[in-house]
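These notes are about the structure you will find just below.
Protein chains: 2
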Amino acid sequence: MLQQYSQVTLDCGDCPIRHRAVCARCETDELAALDAIKFYRSFEAGQTVAWSGDKMDFVASVVSGIATLTQTMEDGRRQMVGLLLPSDFVGRPGREYAAYDVTATTDLVMCCFRKKPFEDLMARTPHIGQRLLEMTLDELDAAREWMLLLGRKTAREKIASLLAIIARRDASLNLRPTSKRLVFDLPLTREAMADYLGLTLETVSRQISALKRDGVIELEGKRHVTVPSYDRLLEEAGDDADGGFLV
Amino acid sequence: MLQQYSQVTLDCGDCPIRHRAVCARCETDELAALDAIKFYRSFEAGQTVAWSGDKMDFVASVVSGIATLTQTMEDGRRQMVGLLLPSDFVGRPGREYAAYDVTATTDLVMCCFRKKPFEDLMARTPHIGQRLLEMTLDELDAAREWMLLLGRKTAREKIASLLAIIARRDASLNLRPTSKRLVFDLPLTREAMADYLGLTLETVSRQISALKRDGVIELEGKRHVTVPSYDRLLEEAGDDADGGFLV
DNA sequence: GCGCGACATTGACCTAGATCAACAAAGGCG
DNA sequence: CGCCTTTGTTGATCTAGGTCAATGTCGCGC
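Protein chains in written order, with numbering that gives the first Met the number 0: chain S, 0 to 246; chain H, 0 to 246.
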């Protein structure tokens, strides 16, 4: 399944993230320029893409799979600071070293660009910079919602919020309506969820059990989740009403 | 002191944030175009600039003073998600409604642009978009450091971190060396600090007293702080070594 | 089919920080 | 000058979530 991307160079026209990634706004000629400098890299679940402080000579889009950004303190405390889904962008133009640990939590395929050519291209192609600005502003909004979660929500609300985020992103990819029964697989271990939420893995486990006991979710195995009522889940998450769109 | 800005239109050439704000990269002709559509607004300490959900017909740069972005849950729990110092940018091109409560915590002067003309200008002036991208990426980094703070730091570390951030920003504005004795005034009430750090104001008060007792800081009145050793403060903040630059 | 390692659950107990409450200091303002 | 409001401090107590530890489950290699 990985092989199909890892060996061949996928044509941009067939790319699953063509209209959501950093290249979304590009015209055909601009796309051709990107096409000329792109290359694919694959990682297996659990592999580290980059360590904080490493020299990063490329930037990339997530094509498929999930990656995380985490920060670590000397004594080992860890906080996830980014959850990268397909179409999300990794790396920062103009920065030489990675600021965070980047890890593949599932099998992962990335569409990479060497930094220097990408920066040159960006200078000549306003559509790339425009799209990157838009995506960065979205990420900043997500980070700020996450800050509310970390600073003020209870453990139960944190878990419900995370489930809602995963369910929503999953639904938006697969274009399902959001108001009925949702089914998805958790792409994160309990430990990764704990790192996301600023909790311990024991608390994550307990709260998931509690949500199950209370009928907010159904569990099949450890990872397969069914949400009978998305509205109920949002209520448990402490989010006002519909999760507020802004855009 | 406010008057000097609130009535007159300051010339961009004399602007204190000319080289740090969204206009930093602009050439003289681009600056003239911005100059033509800008206007100043002043707010007194404590005034609300905008409520979350309000229609926002302008974007702006903070010229002087401090503003905060906060999110509020229905039951009143509050989390600050942005601390805006001079040169920081408020508002999002392409967004019609404010996503957060914006409050002046000190007397505040903002250099405003009506949204539509600003967006038009941005489309014609790549330097503005470039600079805004750069600033947004910086804000995203700051948000991620803040997430580590909220998710994993102890109350004492949180306070020390906040003091370090304020001291550092203050120092960078006034161009002082960072390794010696630093003196500054806290621009935030205990309650605002609590909202920043995801704590209660009582805990903030107690931890500040503890840091004072332990000689990490000296206090004169409630707001005037002296930091005898910035390195000691960073140590208390749990930040690795020098606070790591990346750029 | 068995044993091992990774992942997850559950219980017993403890502690950092929240909550509730009293009081103190510092302005503004009649 | 004394009163009231806003802001901050400190104490006593409570509790959500952390810590430590035992046990369960599943998939994989032999």
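From the three backbone atoms N, C-alpha and C, an ideal C-beta is built for every residue, glycine too.
Worksheet item: Roughly how many angstroms separate the alpha carbons of L174 (chain S) and L84 (chain S), rounded to a whole number?
Response: Residue placement at L174 (chain S) cannot be trusted, given a pLDDT of 46 that sits under 50; what the coordinates show is reported in the next sentence. About 16 Å.
Worksheet item: Where does A23 (chain S) sit, in a helix, a strand or coil, going by DSSP?
Response: coil
Practice prompt. For the stretch 125-148 of chain S, enumerate the residues whose C-beta is nearer than 9 Å to any C-beta of chain H, in chain order.
Written response: P125, G128, Q129, L131, L132, E133, T135, L136, E138, L139, D140, A142, R143, E144, W145, M146, L147, L148
Worksheet item: So with Cβ pairs under 7 Å, would you call D239 (chain H) a contact of chain S?
Response: yes
Discussion item. Whole angstroms are fine: how far does the CA of G150 (chain H) sit from the CA of L196 (chain H)?
Written reply: 10 Å
Worksheet item: Run through DSSP, which three-state label would V203 (chain H) get?
Response: helix
Practice prompt. Below 8 Å CB to CB, which residues in the same chain sit around P92 (chain S) once its five sequence neighbours on both sides are set aside?
Written response: V58, K114, F117, E118, M121, L131
Worksheet entry | Alpha-carbon to alpha-carbon, A66 (chain H) and C111 (chain H) | 14 Å
Discussion item. Output needed for E29 (chain H): all residues of its chain with C-beta closer than 7 Å, excluding positions within five of it in sequence on either side, in chain order.
Written reply: T124, H126
Discussion item. Tell me the residue span of the alpha helix (DSSP H) that contains K114 (chain H).
Written reply: 114-123
Worksheet entry | Same chain, Cβ closer than 6 Å to E156 (chain S), five either side skipped, listed in chain order | A236, G237
Worksheet item: Helix or strand or just coil, what does DSSP make of M0 (chain H)?
Response: Note on M0 (chain H): pLDDT 39, under 50, position unreliable in the model; the coordinate value appears next. It is coil, neither helix nor strand.
Worksheet item: Who are the Cβ neighbours of T105 (chain H) in its own chain at under 7 Å, not counting the five residues just before and after it?
Response: A44, G64, I65, P186
Fill in: DSSP three-state assignment for M146 (chain S), whether helix, strand or coil
helix
Worksheet entry | For A97 (chain H), three-class secondary structure by DSSP | coil
Worksheet entry | Pick from H:I16, H:A97, H:D13, H:D213 that is closest to T69 (chain H), judged by C-alpha positions | H:A97
Item to complete: Just the C-alpha distance for K54 (chain H) and V101 (chain H), rounded to the nearest angstrom, thanks.
Response: 13 Å
Worksheet item: Can the beta-carbon of A166 (chain S) be found closer than 7 Å to that of V226 (chain S)?
Response: yes
Worksheet item: Which value, in whole angstroms, describes the spacing of the CA atoms of I164 (chain S) and Q78 (chain S)?
Response: 18 Å
Worksheet entry | For L189 (chain S), the first and last residue of its enclosing beta strand (DSSP E) | The sequence given here places Arg at residue 189 (chain S); Leu does not occur at that position. Element bounds for R189 (chain S): not the beta strand (DSSP E) but the alpha helix (DSSP H), 189-196.
Item to complete: Write down the C-beta distance between T202 (chain S) and A141 (chain S) rounded to the nearest angstrom, noting that I regard them as a contact closer than 8 Å.
Response: The Cβ separation is near 23 Å, so there is no contact.
Fill in: DSSP-derived helix/strand/coil call for H126 (chain H)
helix
Worksheet item: Are there 16 or more other CB atoms within 10 angstroms of the CB of A31 (chain H), so buried, or fewer, so exposed?
Response: exposed
Discussion item. Please report the straight-line C-alpha distance between A191 (chain H) and G220 (chain H), rounded to a whole angstrom.
Written reply: 17 Å
Practice prompt. Measure the alpha-carbon distance for A49 (chain H) versus D10 (chain H) and round it to whole angstroms.
Written response: 26 Å
Worksheet item: Out of curiosity, what's the CA-to-CA distance linking R222 (chain H) and A193 (chain S)?
Response: 36 Å
Worksheet item: So, is the C-beta of V58 (chain S) closer than 7 Å to a C-beta in chain H?
Response: no
Item to complete: Rank S:E144, S:L233, S:Y229, S:D239 by C-alpha distance to the C-alpha of G81 (chain S) and give the top, closest one.
Response: S:E144
Item to complete: Compute the Euclidean distance between the alpha carbons of S86 (chain H) and A103 (chain H), then round it to the nearest angstrom.
Response: 15 Å
Item to complete: May I ask which residues mark the beginning and end of the beta strand (DSSP E) holding D13 (chain H)?
Response: Unbroken run through D13 (chain H): none, as it is neither H nor E.
Worksheet item: Got a sec: is the Cβ-Cβ distance from G12 (chain H) to anything in chain S below 7 Å?
Response: no
Practice prompt. Would you mind working out which of S:S51, S:H18, S:V215 sits nearest Y99 (chain S), comparing C-alpha positions?
Written response: S:S51
Item to complete: Check the Cβ-Cβ distances between Q206 (chain H) and every residue of chain S, and say whether any is below 7 Å.
Response: no
Worksheet item: Just reading off the alpha helix (DSSP H) that R180 (chain H) is part of, what are its end residues?
Response: That residue, R180 (chain H), is in no alpha helix (DSSP H); it is neither H nor E in DSSP.
Fill in: Bounding residues of the beta strand (DSSP E) (the contiguous stretch that carries L82 (chain H))
77-83
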